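K.L.:
There are 2 protein chains.
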Amino acid sequence: MRQSRSVSLRDVAERAGIGVATASTVLNGSRSNIRVSDATRARVLEVAREMDYQPNAIARALKGQPTKTLGVLFGVEGATVAVANSYVFTVWQGIIASAEAAGYNVTVFTEMWRGAARSSGMLRDGRADGIIAIAVTTDSDIATSLVEVRIPLVVIGSVHGGGVLSVDTDNVRGTELAMTHLVGLGHTRIAHLAGRPNLSSAIERRVVFHRELIRAGLPDLPEFTLPGSFEPGPGYDYARRLLSLPSRPTAIFAANDTLALAAIEAAKDLGLSVPGDLSVVGFDDRPIAAVLSAGLTTVRQPLMEIGATGAEMLISQLEGRDPGPTPRIFEPNLVIRHSTAPPRAL
Amino acid sequence: MRQSRSVSLRDVAERAGIGVATASTVLNGSRSNIRVSDATRARVLEVAREMDYQPNAIARALKGQPTKTLGVLFGVEGATVAVANSYVFTVWQGIIASAEAAGYNVTVFTEMWRGAARSSGMLRDGRADGIIAIAVTTDSDIATSLVEVRIPLVVIGSVHGGGVLSVDTDNVRGTELAMTHLVGLGHTRIAHLAGRPNLSSAIERRVVFHRELIRAGLPDLPEFTLPGSFEPGPGYDYARRLLSLPSRPTAIFAANDTLALAAIEAAKDLGLSVPGDLSVVGFDDRPIAAVLSAGLTTVRQPLMEIGATGAEMLISQLEGRDPGPTPRIFEPNLVIRHSTAPPRAL
DNA sequence: CATATCGAATGAATCGTTTTATCACGCTGA
DNA sequence: TCAGCGTGATAAAACGATTCATTCGATATG
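As they're listed, the protein sequences go chains A and B. Going by this note's numbering, the first residue of the first sequence is number 1, and it counts up by one from there. Going by this note's numbering, the first residue of the second sequence is number 1001, and it counts up by one from there.
Right, here's the structure in full:
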């Protein structure tokens, strides 16, 4: 049953028989233009330790001191579903790593962004020194509104407004890798399971998919591009529809691994073998892709590194250092496993 | 180039031509014993909206208002490695879910607990209304020290001090399930890959492992119990040593799935087939266990639910409701897949 | 008519720091 | 003796909200 209120700077100062200002000077970085005698300094330090003094971060923050806290915000879903997503999760790991290294804590804003009018408040209330936004939709006003209120921001993914710090994978290159692989294997009937239509990563992959098809002189059938989700449920349904077509594709380029896995599932359920009857390429290289019975061929993006870099850029900005070039684009690479092969008919 | 300082309550009050106290009364829950005329109320509300007023959470917190933030702390590792652990991660998901549902944010303390003397400060500095501690070692002083400074706490896992809220799986029951399964299959030479020796979950599993061996009248060989890690690297080495024994075990009960996977890996590398030459049972049921080529037989614990319950208990306590009984123990269940079979010799 | 009551609104203290501007004091040099 | 100057230390004003205690009229009560 100790004292409930914790010991404050004033308590320390009082006990040390000095003013609170002096105590403050001693206990924080001690501004260089203010002098304190060694005796006083020692005394304050001793009393502080003896009383187990802990500066109140809240009071500090109120005076404008940095909170040493990064905020993480999800663009398309509430935190619950976002965190369950393996893309987000891996990025998240990277963020945590950089934050820990730099001595920052990380707070998750559990509520998803619902437009500046409704949501900007929660970011402006002083909890976090800066924000990392993950999976921002193309129509989101998050970047513009945070820039307007001067909150340091880094976007993971692509972003419209100029001057906003961002980190992303080279989606164009990734898609090229996947398509070149499939085309190289001899596939001519290639379909696409597209991702969320308002996420720029998904858009880029879809656009380049078409471009590559044309460049290879292959038919670009409208019924071979199915939109628009990153989730397994719809993915399965789309894939199933695709594979039930009178003349079905011999290969599928899926906008992420989750969709790829769903496609494999659908193929199995229809009695088609992978890669015998159907080749599948994913995007992301989530951990499960490697351990799958027939490992998934996929475009690997360095998600952890992306997260880590995002956090680093934000921290640099917060601490007045140069955050480096933006957008920062990472190279993907193709990981060839066992879900792709030449088409059987060949 | 808008105003850099955001609009404060005073700005609103000034513009509305009233006192700051009145504005506050209108904008927060409006204490019932204070009245404000409808006209004034309307005016304040309108001005606030018009000026895009956002109450400063920091200032509020300083006055003792709740932060609506849960803190998450890791007991045995820094946040970076903790979060990469699939046990922690699933619990984490549960926490986020409950927090989101209750309108709380969650902050991760990236630095691990390093004893009360060095670490209690960061929890007392007012950032979080309460703390959820994950994977607390038996020798940790976290529970006692937080109770002493009166910070609401929930421990995920088992905890020594009385009266501390906690949530856990019934490790005894889980181990019994695993052992009964192996014994029932006819195994007589059963080994154990033990987990971290200072984590109570690992201790309980090990103790019950021995008890079950004795109860079944089976030999309890000292060289068949290898301590003490939850990590894949050491796990692989231990398993390999186990399987290289002159008379090797026909079954392994691993203290978690990671160790079980490592054991399967080691078996493969030694030319042993699973489950033909070796049966393996894990603990946790992490997602990868299900998709493995030969699915892993394992004791499933409802980690997400555990995390969610922990957060709920904490929130209940914070809001003055009854957090319910403690410790809250969840029932595990055995998921039989394809890593277990009767011993070949039989 | 004096007084109690009530509705509406507010001044000012408070939370725990940081920081600016100021002060007291002893000492040096003129 | 006095101005000037370091040195050490401090009072007090922020920071932005909450809230107790109080005020001020106006109306109701005796």
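Yeah, the Cβ is synthetic: ideal placement off N, Cα and C, and Gly gets one too. None of these values were measured; they are calculated from a predicted model.
Along the alpha helix (DSSP H) that carries B:Gly1235, what are the first and last residues, could you check?
P.N.:
To locate residue 1235 of chain B, count along the second sequence from 1; it is residue 235. Its alpha helix (DSSP H) spans residues Pro1232 to Leu1243.
K.L.:
With B:Ala1290 as the anchor, note down where its beta strand (DSSP E) starts and where it stops.
P.N.:
Along the second sequence, read from residue 1 onward, the residue named residue 1290 of chain B stands at position 290. Premise fails: B:Ala1290 lies in the alpha helix (DSSP H), Pro1287 to Val1291, not in any beta strand (DSSP E).
K.L.:
Would you tell me roughly how many angstroms separate the C-alpha atoms of A:Ala99 and A:Arg321, rounded to the nearest one?
P.N.:
Here residue 99 of chain A is taken as the residue at index 99 of the first sequence, counted from 1. Here residue 321 of chain A is taken as the residue at index 321 of the first sequence, counted from 1. In a straight line, the C-alpha of A:Ala99 is about 16 Å away from that of A:Arg321.
K.L.:
Using a Cβ cut-off of 7 Å, pull out every chain A residue sitting near B:Ser1145, in sequence order please.
P.N.:
Locating residue 1145 of chain B in the second sequence gives position 145, counting from the first residue. Residues of chain A passing the Cβ test: none, with the nearest at roughly 10 Å.
K.L.:
Helix, strand or coil for A:Ile252 per DSSP?
P.N.:
Indexing the first sequence from 1 puts residue 252 of chain A at position 252. It is a strand residue.
K.L.:
Count the other CB atoms within 10 Å of the CB of A:Asn333; is the residue buried (16 or more) or exposed (fewer)?
P.N.:
Counting from 1 along the first sequence, the entry for residue 333 of chain A is found at position 333. Its Cβ having fewer than 16 others within 10 Å, A:Asn333 is exposed.
K.L.:
B:Phe1109 touches chain A at which residues, Cβ-Cβ below 7 Å?
P.N.:
The sequence position of residue 1109 of chain B within the second sequence is 109, counting from 1. What B:Phe1109 touches in chain A: Asn105.
K.L.:
Leaving out the 5 sequence neighbours to the left and right, which residues in its chain are closer than 8 Å to A:Lys268 when beta-carbon positions are compared?
P.N.:
Here residue 268 of chain A corresponds to residue number 268 of the first sequence, with the count starting at 1. So the list reads Val274, once near-sequence residues are dropped.
K.L.:
What are the boundary residues of the beta strand (DSSP E) that A:Ile336 is part of?
P.N.:
By one-based count along the first sequence, residue 336 of chain A stands at place 336. First-last for A:Ile336: undefined, no H or E at that position.
K.L.:
Are the Cβ atoms of A:Phe283 and A:Leu182 separated by less than 9 Å?
P.N.:
The residue labelled residue 283 of chain A in the question sits at position 283 within the first sequence. The residue labelled residue 182 of chain A in the question sits at position 182 within the first sequence. No; because the gap between Cβ atoms is not below 9 Å, this pair is not in contact.
K.L.:
Of the choices A:Phe89, A:Val44, A:Thr169 and A:Ala216, whose alpha-carbon is the least far from that of A:Glu204?
P.N.:
Position 204 of the first sequence, counting from 1, holds the residue named residue 204 of chain A. Nearest of A:Phe89, A:Val44, A:Thr169 and A:Ala216 to A:Glu204, Cα basis: A:Thr169.
K.L.:
Counting Cβ pairs closer than 8 Å, one from the segment 1066 to 1073 of chain B and one from the segment 73 to 93 of chain A, do we hit at least three?
P.N.:
Result no; under three Cβ-Cβ pairs closer than 8 Å.
K.L.:
A:Arg300 lies in the beta strand (DSSP E); which residues open and close that run?
P.N.:
Numbered from 1 along the first sequence, position 300 holds the residue referred to as residue 300 of chain A. Thr297 to Arg300 is the span of the beta strand (DSSP E), which, as asked, contains A:Arg300.
K.L.:
Report yes or no: is there a C-beta of chain B within less than 9 Å of the C-beta of A:Val47?
P.N.:
The residue given as residue 47 of chain A occupies position 47 in the first sequence. So, not an interface residue.
K.L.:
Buried or exposed: where does B:Arg1286 fall if 16 or more other Cβ atoms within 10 Å of its Cβ makes it buried?
P.N.:
Indexing the second sequence from 1 puts residue 1286 of chain B at position 286. Result: buried.
K.L.:
Give me the Cα-Cα distance between B:Leu1045 and B:Val1026, rounded to the nearest whole angstrom.
P.N.:
Here residue 1045 of chain B is taken as the residue at index 45 of the second sequence, counted from 1. Here residue 1026 of chain B is taken as the residue at index 26 of the second sequence, counted from 1. B:Leu1045 and B:Val1026: Cα-Cα distance of roughly 8 Å.
K.L.:
Taking B:Gly1064 as the reference, give the member of B:Leu1272, B:Ala1255, B:Arg1127 and B:Ala1178 with the closest Cα.
P.N.:
For the purposes of this step, residue 1064 of chain B is taken as residue 64 along the second sequence, with counting starting at 1. Selected option, being the one with the closest Cα: B:Arg1127.
K.L.:
What residue does the beta strand (DSSP E) around B:Val1167 start on, and which one ends it?
P.N.:
Translated into positions along the second sequence, residue 1167 of chain B becomes position 167. Counting along the chain, the beta strand (DSSP E) containing B:Val1167 begins and ends at Leu1165 to Thr1169.
K.L.:
Does the beta carbon of A:Asp125 come closer than 9 Å to any beta carbon on chain B?
P.N.:
In the first sequence, the residue the question calls residue 125 of chain A occupies position 125. Cβ-Cβ to chain B under 9 Å: yes for A:Asp125.
K.L.:
Can you list, in chain order, the residues of its chain with a C-beta nearer than 8 Å to that of B:Thr951? Leave out the 5 residues immediately preceding and following it.
P.N.:
Because chain B is modelled from 1001 through 1346, residue 951 of chain B falls outside the range shown and cannot be assessed.
K.L.:
Less than 9 Å between the C-beta atoms of A:Asp139 and B:Ile1058, yes or no?
P.N.:
Taking the first sequence and counting its residues from 1, the one referred to as residue 139 of chain A is at position 139. Taking the second sequence and counting its residues from 1, the one referred to as residue 1058 of chain B is at position 58. No.
K.L.:
Confirm, please, whether the CB-CB distance from A:Val280 to B:Val1291 is below 9 Å.
P.N.:
Reading the second sequence from its first residue, position 291 is the one you call residue 1291 of chain B. Reading the first sequence from its first residue, position 280 is the one you call residue 280 of chain A. Going by C-beta atoms, B:Val1291 is not nearer than 9 Å to A:Val280.
K.L.:
Buried or exposed for A:Pro219, going by 16 or more other Cβ atoms inside 10 Å?
P.N.:
As a first step, residue 219 of chain A is located in the first sequence; it is residue number 219 there, counting from the start. A:Pro219 comes out exposed.
K.L.:
So, is the C-beta of B:Thr1175 closer than 9 Å to a C-beta in chain A?
P.N.:
Along the second sequence, one-based indexing puts residue 1175 of chain B at 175. Closer than 9 Å: no.
K.L.:
I'd like to know if A:Glu26 contacts chain B, where contact means its C-beta is closer than 9 Å to some C-beta of that chain.
P.N.:
Here residue 26 of chain A refers to the residue found at position 26 when the first sequence is read from its first residue. Reading off the sequence shown, one finds Val at residue 26 of chain A, where the question assumed Glu. No, A:Val26 does not count as interfacial toward chain B.
K.L.:
Between B:Leu1259 and B:Phe1230, how many whole angstroms is the CB-CB distance? I'm expecting something under 8 Å.
P.N.:
Translated into positions along the second sequence, residue 1259 of chain B becomes position 259. Translated into positions along the second sequence, residue 1230 of chain B becomes position 230. That belief holds up - the Cβ atoms of B:Leu1259 and B:Phe1230 are roughly 7 Å apart, short of 8 Å.
K.L.:
Am I right that A:Ala135 and A:Leu193 are in contact with their C-beta atoms under 8 Å? What's the rounded C-beta distance?
P.N.:
What you label residue 135 of chain A is simply residue 135 of the first sequence in a count that begins at 1. What you label residue 193 of chain A is simply residue 193 of the first sequence in a count that begins at 1. Between A:Leu193 and A:Ala135 the Cβ distance is about 18 Å, and since that is not below 8 Å, they are no contact.
K.L.:
Would you check if the segment 1292 to 1309 of chain B and the segment 1224 to 1243 of chain B touch, i.e. whether three or more CB-CB distances between them fall below 8 Å?
P.N.:
No, the segment 1224 to 1243 of chain B does not touch the segment 1292 to 1309 of chain B.
K.L.:
Determine the extent of the alpha helix (DSSP H) in which A:His210 is found, giving its start and end residues.
P.N.:
In the first sequence, the residue the question calls residue 210 of chain A occupies position 210. Counting along the chain, the alpha helix (DSSP H) containing A:His210 begins and ends at Ser200 to Arg215.
K.L.:
Show which residues of chain A have a CB atom less than 8 Å away from the CB atom of B:Val1373.
P.N.:
Any answer about residue 1373 of chain B is impossible in this case: the structure gives chain B only from 1001 up to 1346.
K.L.:
With a threshold of 9 Å between beta-carbons, can B:Thr1309 be considered close to chain A, or not?
P.N.:
As a first step, residue 1309 of chain B is located in the second sequence; it is residue number 309 there, counting from the start. It does not: the Cβ of B:Thr1309 has no partner Cβ on chain A nearer than 9 Å.
K.L.:
Return the CA-CA distance between B:His1210 and B:Asn1256, expressed in angstroms with no decimal places.
P.N.:
As a first step, residue 1210 of chain B must be located in the second sequence, where it is residue number 210. As a first step, residue 1256 of chain B must be located in the second sequence, where it is residue number 256. Between B:His1210 and B:Asn1256, the C-alpha separation is close to 17 Å.
K.L.:
On the DSSP letters alone, give me the boundaries of the beta strand (DSSP E) that A:Val154 sits inside.
P.N.:
The residue labelled residue 154 of chain A in the question sits at position 154 within the first sequence. Leu153 to Ile156 is the extent of the beta strand (DSSP E) around A:Val154.
K.L.:
I'd like to know whether the C-beta atoms of A:Gly130 and A:Leu278 end up nearer to each other than 9 Å.
P.N.:
Translated into positions along the first sequence, residue 130 of chain A becomes position 130. Translated into positions along the first sequence, residue 278 of chain A becomes position 278. Contact: no.
K.L.:
Is the CB of B:Ser1273 under 9 Å away from at least one CB in chain A?
P.N.:
Working through the second sequence from its first residue, we reach residue 1273 of chain B at position 273. By this cut-off, B:Ser1273 is not an interface position.
K.L.:
Taking a cut of 8 Å between CB atoms, which residues from the segment 1264 to 1295 of chain B lie near chain A?
P.N.:
Against chain A - using a Cβ distance shorter than 8 Å - the residues of the segment 1264 to 1295 of chain B are Pro1287, Ile1288, Val1291, Leu1292 and Ser1293.
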